[in-house]
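Here the working numbering is used: the sequence shown runs in plain steps of one and ends on residue 859. Take a look at the structure below.
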Amino acid sequence: MTIAVIDYDAGNTANVLRALNKIGVDAVLTADQAVIQSADGLILPGVGAFPTAMAELEKRDLIATIKSAVATGTPLLGICLGMQLLLDASEEHVLTDGLGLIPGICRAIPAGDNLKVPHMGWNQLDVVKPTALTANLQDSAVYFVHSYFTDVAPDYLDVTADYGIKVPAMISHDHVYGAQFHPEKSGDVGLGILEKFKEVVYADSASN
């Protein structure tokens, strides 16, 4: 079983790879289209700005590759900015098209009197829809760093966190999953989510 961590110079890749290694996944960091297309599972990590990230994916000719892999049924997990890139578009800086794998638009988190933006630090999770990745997550705490949120329809919303608004913490559509927080920085809870994604990938590869 091969899980490819997509390399486009916008991800917290070292920590993601370290976390995957802890759960027994010998993942490969790659921007090679053939490797991504043939992988059993994909992880799209991300930190930074949405337009810059999409421009880098386009520069490396990875947009069509990712979409093609997902179209063939390859499970994909987007992390932080990587989750935001799954949507149709983002309003960050300038309206920018995303990967279009989950319907929705990325919007700025509204600042409140006692709520600073970016939303940074540990926050509890509220599971609103069970998926393969959400078991035992209710009231668990995970680590967030973000200024934008994924505005998606309820059909795609799995987990929220309270930060003045109900921040989408996890979203999904079919075999495409997103985590707004950083599983690789969220201790045993985060490792558990990556373990569940590994099981999704294993089950999918075993059935094909």
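Even for Gly, the Cβ is constructed at its ideal location relative to N, Cα and C. All figures in this text were calculated on a predicted structure; none of them were measured in a lab.
| query | result |
| --- | --- |
| Between the C-alpha atoms of residue 793 and residue 660, what's the straight-line distance to the nearest angstrom? | 24 Å |
| Would DSSP call residue 843 helix, strand or coil? | helix |
| Throw me the rounded Cβ distance for the residue 801 and residue 738 pair, which I believe falls under 8 Å. | 6 Å |
| Quick one: Cα of residue 861 to Cα of residue 769, how far? | Residue 861 is absent from the structure shown; the chain starts at 652 and stops at 859. |
| Taking the beta strand (DSSP E) that residue 758 falls in, what are its first and last residues? | 756-759 |
| So, are the CB atoms of residue 693 and residue 725 less than 9 Å apart? | yes |
| Roughly how many angstroms separate the alpha carbons of residue 847 and residue 713, rounded to a whole number? | 26 Å |
| What ranges does the alpha helix (DSSP H) occupy inside the segment 780-839, keeping only unbroken runs of at least 4 residues that lie completely in it? | none |
| Can you tell me whether residue 784 is buried or exposed, with buried defined as 16 or more other CB within 10 angstroms of its CB? | buried |
| Could you tell me the alpha carbon to alpha carbon distance between residue 787 and residue 850, rounded to whole angstroms? | 15 Å |
| How about residue 690 and residue 664: are their beta carbons less than 9 Å apart? | no |
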